[in-house]
Amino acid sequence: MSDLNSAKQHWEESTLSPALRKSPERRAQFETSSGIPLERVYTPEDADSDYCEKLGFPGEYPFTRGIQPTMYRGRLWTMRQYAGYAAAEESNRRYKFLLKQGQTGLSVAFDLPTQIGYDADDPMARGEVGKVGVPISSIEDMGALFDGIPLDKVSTSMTINAPAAILLALYIAVAKRQGVHPKQLRGTVQNDILKEYIARGTYIFPPAPSMRLITDLFRYCRDEVPQWNTISISGYHIREAGSTAVQEVAFTLANGIAYVQAAMDAGLSVDDFASQLSFFFNAHNQFLEEVAKFRAARRMWAKIMRERFQAQDSRSWMLRFHTQTGGSTLTAQQPENNIVRVALQALAAVMGGTQSLHTNSMDEALALPTENAVRVALRTQQIIAHESGVADTIDPLAGSYVVEHLTDEIERRAFEYLEKIDELGGALKAIERGYMQGEIQEAAYRYQQAVERKEQIVVGVNEFTAAERERAYVERLKMDPAIESQACARLAALRAHREDAKVSALPPRLESAAKGTDNLLPLFVECVENYVTVGEICRVLRGVWGEYRPAV
1 MSDLNSAKQH
11 WEESTLSPAL
21 RKSPERRAQF
31 ETSSGIPLER
41 VYTPEDADSD
51 YCEKLGFPGE
61 YPFTRGIQPT
71 MYRGRLWTMR
81 QYAGYAAAEE
91 SNRRYKFLLK
101 QGQTGLSVAF
111 DLPTQIGYDA
121 DDPMARGEVG
131 KVGVPISSIE
141 DMGALFDGIP
151 LDKVSTSMTI
161 NAPAAILLAL
171 YIAVAKRQGV
181 HPKQLRGTVQ
191 NDILKEYIAR
201 GTYIFPPAPS
211 MRLITDLFRY
221 CRDEVPQWNT
231 ISISGYHIRE
241 AGSTAVQEVA
251 FTLANGIAYV
261 QAAMDAGLSV
271 DDFASQLSFF
281 FNAHNQFLEE
291 VAKFRAARRM
301 WAKIMRERFQ
311 AQDSRSWMLR
321 FHTQTGGSTL
331 TAQQPENNIV
341 RVALQALAAV
351 MGGTQSLHTN
361 SMDEALALPT
371 ENAVRVALRT
381 QQIIAHESGV
391 ADTIDPLAGS
401 YVVEHLTDEI
411 ERRAFEYLEK
421 IDELGGALKA
431 IERGYMQGEI
441 QEAAYRYQQA
451 VERKEQIVVG
461 VNEFTAAERE
471 RAYVERLKMD
481 PAIESQACAR
491 LAALRAHRED
501 AKVSALPPRL
511 ESAAKGTDNL
521 LPLFVECVEN
531 YVTVGEICRV
541 LRGVWGEYRP
551 AV
């Protein structure tokens, strides 16, 4: 490399220095969102790549370049728009609209009461029913949500965590009504409670019983629903809470390590469940760093599973992930600009090798998205897939000196975080001590300071702003205030017509099972098939396990 170094030195002296004297650079220092310094130019020396060790080939360890040998040349990523609002019937119409528009998978958003285990008629649910997702209290609600959608023909992702096992039981029960065997079902439950303690807050139970529910679900799906992804270990919400890209990778993989260890401690062999694990990442603004982040996460997980957990099946080494564009980057000001933000973020996810993708709608900083906004978001993916050409070759930014340098640097820094978390006793201990939460809060504070000082420009917010009269009108989706009363009426009708003798016999059995060690999933399925509601099941479990109360 001596010739290269000499050539670079000559360029700096004869070409760069005169240019800088005439026109200084925009800033004294450039860096990524994670604080990784960005040099003005990268050369082969910066990539420092042993090709076979660090990159390899698609579909082979360490999977830096992708988990499938043909990637998008074989099959495009799943276009999975997140949706759910108002009543189950309205969400059902939205799903059918999206499928008609060319969407290839469903993604369910549940309302806040459902996420924390309350029925629509519970006093705790008042004012929140159907606001940020669809209310699902019973098998009747779940049946209406998927009416006319054959569950053996579509894969479904459900963003649900604390009561994930109960919602999966409802999905299985509805599939049985359709004549679909559980072994035919494809999809994912998020089921990631650790990130709820860290970043999101929709927890119900303390960590120990919550981890039991997760490992029960792992075991049940291994035997009964083998095509189902049992968890979506989520960095998305960690990033939305204000973390850096490095922290997103590190804390997500730390949680993944905790889940794998918990399952093994519960008696499962790593290769029996690891291929059903999936991940969920954020596609944020800094394009090159985001592409590198996805590649680094894949390589890190492969090393962790093969070296730390001694997994033998190559499928256990694969980090399969869904991506959503960054909701926190959307602005209420000049919302049309969000179309461009989302397009760049989606392109980063595709260049980084995502398995499925949700593109946010331009109006989501203002309200739930309209059909037109959702259509534009979906068309963004379709244009990338069918017009840009980036899906026609695998890992197209591989070999870029800056991308390889950033991939290596993100991996190095994320492993440093993992070492620190191990020193603290693992992810759960680190969460209990507030370590991850504190790191995220500091990163979020630094970013906000940069925005307020205009060191970080947000177009339309702190620079290039528009006067009120120049702001474009954006249609907003309006919610029917009768949604809540209708949901309550549906529950009242269900309770009036179910068989009281069967229903009254189930809570004592559930209480006994919760105190024991048997897998709870079969009993959850039996409960929901007999019209026991989500809230009624969670009330029994709260009585046995209590509720989580954070220390800070």
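Taking our numbering, the leading residue of the sequence shown gets 1, the next gets one more, and so forth. By construction, the Cβ of each residue, glycine as well, lies at the ideal position given by its N, Cα and C atoms. The structure presented is a predicted model; accordingly, all values stated were derived computationally and were not measured.
Item, Value
"Run through DSSP, which three-state label would residue 517 get?", "coil"
"Count the other C-beta atoms from every protein chain shown that fall within 10 angstroms of the C-beta of residue 26, then say buried if there are 16 or more, exposed otherwise.", "exposed"
"Grab the span of the beta strand (DSSP E) containing residue 158 for me, first residue to last.", "155–159"
"Can you check whether the CB of residue 236 is closer than 7 Å to the CB of residue 312?", "no"
"Does the segment 343–355 touch the segment 252–268, meaning 3 or more C-beta pairs lie closer than 8 Å?", "no"
"Taking residue 252 as part of the alpha helix (DSSP H), name the residues at either end of that continuous run.", "245–265"
"Apart from the five residues on each side of it in sequence, which residues of its chain come closer than 6 Å, Cβ to Cβ, to residue 36?", "409"
"Beta-carbon within less than 7 Å of residue 16's beta-carbon, same chain only, minus the 5 sequence neighbours each way: which residues are those?", "none"
"Check whether the Cβ atoms of residue 286 and residue 33 sit closer than 7 Å, and answer yes or no.", "yes"
"What runs of the beta strand (DSSP E), each 3 residues or longer, lie entirely inside the segment 195–238?", "231–234"
"Would you mind reading off the limits of the beta strand (DSSP E) that contains residue 358?", "356–358"
"Residue 355 and residue 320 - do their beta-carbons sit closer together than 7 Å?", "yes"
"By alpha-carbon positions, which one of 190, 267, 112 and 182 ends up nearest to residue 157?", "190"
"According to DSSP, simplified to helix, strand and coil, what is residue 186?", "strand"
"Please return the same chain residues whose Cβ sits closer than 8 Å to the Cβ of residue 498, not counting the five positions on each side in sequence.", "530 and 531"
"Going by beta-carbon coordinates alone, are residue 534 and residue 193 separated by less than 7 Å?", "no"
"Please report the distance separating the alpha-carbon of residue 208 from that of residue 247.", "25 Å"
"Going by DSSP, what residue range makes up the beta strand (DSSP E) through residue 92?", "Segment 88–100 is the alpha helix (DSSP H) holding residue 92; no beta strand (DSSP E) there."
"Are the Cβ atoms of residue 162 and residue 134 separated by less than 7 Å?", "no"
"Quickly, what does DSSP pair residue 372 with across the bridge? List them, please.", "Looking at the DSSP assignment, residue 372 forms no beta bridge with any residue, so it has no partner."
"Mapping the DSSP letters down to three states, classify residue 487 as helix, strand or coil.", "helix"
"To the nearest angstrom, report how far apart residue 225 and residue 183 are at their CA atoms.", "5 Å"
"Which same chain residues end up closer than 8 Å to residue 103 when comparing Cβ atoms and leaving out the 5 residues on each side of it in sequence?", "79, 80, 81 and 378"
"Which ranges does the beta strand (DSSP E) cover as unbroken runs of at least 3 residues, wholly within the segment 340–426, from first to last along the chain?", "356–358"
"When DSSP builds the beta bridges, which residues end up paired with residue 107?", "82 and 157"
"Nearer than 6 Å: is that true of the beta carbon of residue 184 relative to any heavy atom of the ligand HEM?", "The ligand HEM is absent from the structure shown, which contains no ligand whatsoever."
"Helix, strand or coil, according to DSSP, for residue 282 in the structure here?", "strand"
"Nearest to residue 8 by alpha carbon, out of 38, 43 and 460?", "43"
"Buried or exposed: which applies to residue 145, given that a residue is buried once 16 or more other Cβ atoms fall within 10 Å of its Cβ?", "buried"
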